[in-house]
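What follows is a single structure, written as structure tokens, with notes after it.
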């Protein structure tokens, strides 16, 4: 199946709320996705839109929640937290329960930890597959689906543009994890996150070649991954970034596509 416009949404943990702001701005400029390719936080933002919600309305689902509401601290055998509560949250708040039931097609990228490869889910139970795509190693215990352990899709592909390139006339890539040179915390979580960010950034470069419009909001590194209460602020930052870029491109080039 061929599509006109596709969105490729990167991972980025709490920065994923910027996806929603950027998507809101794109929709207001009549740049609507016919298919969405998401990884980690991008798959989470994508699934709520694909389920029929306007981006700004998705904030309501997270309002009043804290990080600890969606995770469970465990004795760290395979991860510091488990994502069972997160899956329950998705089951409770999504109308569709399988990927093939979504109003807009969504392709979810995760990493098959057992066989060392990137996988794309196009059908099946949503909560497990979104959790698998968001499952950052060390921080979260791997998610088991049909006997296979899955972790964060960003390990191999943190900006999944190539997944939809051949199907789409235009691809909008939104990368909410541009690498910053700021200081990081010298502890086990800080070092792990910094290492992942370097890995994610490196494997995103080649994916950028597949897009017709790239949007990268900066200044998001100041937000802690546990600051769910800052969701609206992060959303607004993404919204303003996209509007500014679109206006700038139209004024300078008369078009937004490269």
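Numbering (UniProt numbering), first residue to last: 1 to 258.
Quick reminder that beta carbons are idealized off the backbone N, C-alpha and C, glycines included.
Item	Value
Reduced DSSP category for residue 169 - H, G, I as helix; E, B as strand; rest coil	strand
Residue 60 in three-state terms, based on DSSP	helix
Segment contact flag, the region 46 to 63 with the region 115 to 125, C-beta cutoff 8 Å, min 3 pairs	no
DSSP bridge partner residues for residue 238 (one or two, in chain order)	Note: residue 238 sits in no beta bridge, so no partner.
Exposure of residue 30, with buried meaning 16 or more beta-carbon neighbours within 10 Å	exposed
C-beta atoms of residue 228 and residue 62 nearer than 9 Å	yes
Rounded separation between residue 248 and residue 170 - CA only	19 Å
Option nearest residue 163 by Cα separation, candidates 1, 4, 8, 3	8
Beta carbon of residue 134 nearer than 9 Å to that of residue 152	yes
Residue 43 and residue 175 closer than 9 Å at C-beta	no
Limits of the beta strand (DSSP E) - the one that residue 120 falls within	117 to 121
Burial state of residue 14, where buried means 16 or more other Cβ atoms lie within 10 Å	buried
Separation of residue 36 from residue 189, as counted between CA atoms	30 Å
Proximity winner among 52, 105, 88, relative to residue 3 (alpha-carbon distances)	105
Reduced DSSP secondary structure (H/G/I, E/B, other) of residue 27	helix
Exposed unless 16 or more other CB atoms sit within 10 angstroms - verdict on residue 83	buried
Buried/exposed call for residue 224, threshold 16 Cβ in 10 Å	exposed
Secondary structure of residue 140, DSSP reduced to three states	strand
Per-residue DSSP class, three states only, for residue 75	Confidence in residue 75 is poor, its pLDDT being 43 and thus under 50, which makes the residue's placement unreliable; the coordinate value appears in the next sentence. Three-state DSSP puts residue 75 in coil, outside helix and strand.
Assumed close pair residue 200, residue 154 - CB separation to whole angstroms, cut-off 8 Å	5 Å
Check whether residue 149 and residue 112 have beta carbons under 9 Å apart	yes
Residue 49 - containing alpha helix (DSSP H), residue span	41 to 50
Nearest candidate by alpha-carbon position, reference residue 210, set 27, 39, 258	258
DSSP three-state assignment for residue 159, whether helix, strand or coil	coil
Own chain partners of residue 168 with C-beta closer than 6 Å, once the 5 adjacent residues on each side are dropped	3, 6
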